[in-house]
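To convert, note that position 70 of the sequence shown is 70 in UniProt numbering; the numbers rise steadily by one, no gaps. C-beta atoms are modelled at their ideal positions from N, C-alpha and C, and glycine is treated no differently. The structure displayed is predicted, hence computed values, not measured ones.
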Amino acid sequence: MDGLSNIKWGPVIDKVFLYHPDDFMLLAPRKKSIIGFTNKEAALFTIMGVAPFLHKFGINPSNYPEWTREKFISTIKKYVDLVYTGDDAQKIVDDLVSFYVDRGEEKNYEFYIDRYTQFISDAIFNVPIVDGILSRRKAGWTIYAYFLDHYNDAIWNDRVPKRLRGISLHAS
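Next up, the structure:
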């Protein structure tokens with residue numbers, strides 16, 4: 001499993017047991033809910049490499065210098081190619097490169113790995129979190145959202161550059 005949906009454990013929207021989750025928001029009893037995220041949700045996986053048996057997002061610190069503009073762009077393209085086969089694939093790649101690579105680009109591996117972590121965070125966590133918040137609000141739910149930015153230096157390996165550490169990780 002090499003795509004953005006390569007997490008080996010999680011819900012499956014199979015149209016047999018689970019239908020589109022937005023439909024559940026309309027049918028379920030309204031509940032007050034709290035939903036939150038951190039500044040680098042995916043750093044737990046991309047930088048720390050936790051649970052490699054569940055995903056392949058991790059980057060070994062010895063491979064940090066290999067992260068160049070070209071490697072990051074090819075990684076974005078690989079993920080797009082795995083999940084999208086339509087006519088607009090190149091436009092999607094171009095838009096992602098514009099946002100994650102070109103915007104404020106610095107020519108060093110810390111920049112590219114940091115933006116890779118942001119890309120994975122957005123694709124796996126942040127966009128679905130915001131979608132969940134918006135669909136619940138549209139269905140009349142009371143939602144409280146938070147952004148956690150607590151930093152704990154003690155959880156980080158000294159080989160990881162400070163820029164890549166992030167403030168808070170997934171499940172902080």
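query	result
Cutting at 7 Å between CB atoms, please list the residues of its own chain near N108, excluding the five before and the five after it.	none
Starting from S33, follow its DSSP beta bridges and name the residues at the other end.	I143
On the three-state DSSP scale, how would you describe residue 173?	Because the chain spans 1 through 172 in this model, residue 173 falls outside it and cannot be assessed.
Of all the options I76, G140, D102, which has the alpha carbon lying nearest to the alpha carbon of K31?	G140
Based on the DSSP secondary-structure assignment, which residues constitute the bridge partners of L148?	T38
According to DSSP, simplified to helix, strand and coil, what is M48?	coil
Measure the CB-CB distance between F72 and V93 and report whether it falls below 8 Å.	no
I need the DSSP call for K77, collapsed to helix, strand or coil.	helix
Let me know if F119 comes out buried or exposed under the rule of 16 or more other beta-carbons within 10 Å of its beta-carbon.	buried
In the structure shown, what three-state DSSP assignment does T117 receive?	helix
With a Cβ-Cβ cutoff of 8 Å, do V97 and I76 count as a contact?	yes
In the structure shown, what three-state DSSP assignment does K162 receive?	helix
Tell me the DSSP secondary structure of F24 in three-state form.	helix
Compute the distance between the beta-carbons of F24 and F147, then report whether it is under 8 Å.	no
In the DSSP assignment, find the alpha helix (DSSP H) that holds K138 and state where it starts and stops.	127-138
Applying the criterion that 16 or more other CB atoms from any shown protein chain within 10 Å of the CB defines a buried residue, is S172 buried or exposed?	Annotation note: pLDDT 47 at S172 (below 50); position unreliable, coordinate value reported separately. By the 10 Å Cβ count, S172 comes out buried.
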